[in-house]
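K.L.:
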Amino acid sequence: MALTKNQRRTRIKNRIRKIVSGTEARPRLSVFRSNKEIYAQLVDDVTGKTLAAASSRDKDINTAKVTKVEAAALVGKALAEKALKVGVETISFDRGGYLYHGRVKSLAEGAREAGLKF
1 MALTKNQRRT RIKNRIRKIV SGTEARPRLS VFRSNKEIYA QLVDDVTGKT LAAASSRDKD
61 INTAKVTKVE AAALVGKALA EKALKVGVET ISFDRGGYLY HGRVKSLAEG AREAGLKF
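In full-length UniProt numbering, the protein residues as written are 1 to 118.
Structure representation (structure tokens):
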């Protein structure tokens, strides 16, 4: 029997998480993409804490009339600014089982432009 979309994504996500994990010095940038919004957070997997988070539902991003791909780039930039305030410069990128394409790619490139190193 064929896998559903969510089952396939969960399988890919677990495969990625076996390899990618975050520490306090190099946290994991976790991405979640819904049909309307995109969310990103920096996670320290050792202590289980979120160091910084940003989403397309934040006021400054939500009020801007932009496409979903452009909003994802703004989320990446906002997250990078918050990360630099916390003192994080290098991260490991966790695409969350999504293809590195479209909104996920736009978020990553926005974070790179704002100063994060992958």
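C-beta: ideal position from N, C-alpha, C; glycine also.
As the structure is a computational prediction, the values presented were derived from the model and not from experiment.
1) Evaluate the contact criterion for the segment 56-73 versus the segment 105-118: three or more CB pairs, one atom per stretch, below 8 Å.
2) How is S106 classed by DSSP in three states: helix, strand or coil?
3) Which full runs of the alpha helix (DSSP H) of 4+ residues lie inside the segment 37-73, going along the chain?
4) Is D94 closer than 8 Å to A78 when the C-beta atoms are compared?
5) Specify the secondary structure class of V31 as computed by DSSP and reduced to three states.
P.N.:
In short:
1) Cβ pair count under 8 Å is three or more, so yes.
2) Residue state, collapsed to three classes: helix.
3) Listed in chain order, they are 59-62.
4) No.
5) V31 sits in a strand when the DSSP states are folded into three classes.
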